[in-house]
Amino acid sequence: MQTTLDLDDDVLAAAEEISALTHRSAGKVLSDLARRALTVSKPSDSFPPAVFNGFEIIPAEGRVVTPELVRDLMDECE
1439 MQTTLDLDDD
1449 VLAAAEEISA
1459 LTHRSAGKVL
1469 SDLARRALTV
1479 SKPSDSFPPA
1489 VFNGFEIIPA
1499 EGRVVTPELV
1509 RDLMDECE
């Protein structure tokens, strides 16, 4: 699909450099970069952190916090 975009000069220069290094079109490079940026799931700096009972809620890291883990961490702090 073709469309016209208004890109900053530094963004276009970076896309053209990647394009030359990878032997892909600048459009393909920009599409791939945009796709990767849209699929990254991390909190946005534009939103304030969520707070519950006075504590900032942090994103889950995929592990369960067990009483044993808490005890181990407390032991490390002593």
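Numbering (the working numbering), first residue to last: 1439 to 1516. Idealized CB from N, CA, C, for every residue including glycine.
Measure the CB-CB distance between residue i and residue j and report whether it falls below 8 Å.
i	j	result
A1464	A1475	no
By DSSP, does residue i sit in helix, in strand, or in coil?
i	result
V1543	Nothing in the structure corresponds to residue 1543, since the chain is present only between 1439 and 1516.
E1519	Residue numbering for the chain in the displayed model covers 1439 to 1516; residue 1519 lies beyond these limits and cannot be assessed.
V1508	helix
V1502	coil
At least one CB of chain B closer than 8 Å to the CB of residue i: is that the case?
i	result
M1512	No chain B appears in the structure shown, which is made up of a single protein chain.
If we ignore side chains and look at the alpha-carbon of each, how far apart do residue i and residue j end up?
i	j	result
A1451	T1442	17 Å
L1459	V1449	15 Å
D1446	H1461	22 Å
D1513	G1492	25 Å
P1497	V1503	13 Å
Meets three-Cβ-pair contact criterion under 8 Å: the region 1460-1471 and the region 1487-1497: With the cut-off at 8 Å, the region 1460-1471 and the region 1487-1497 do not touch.
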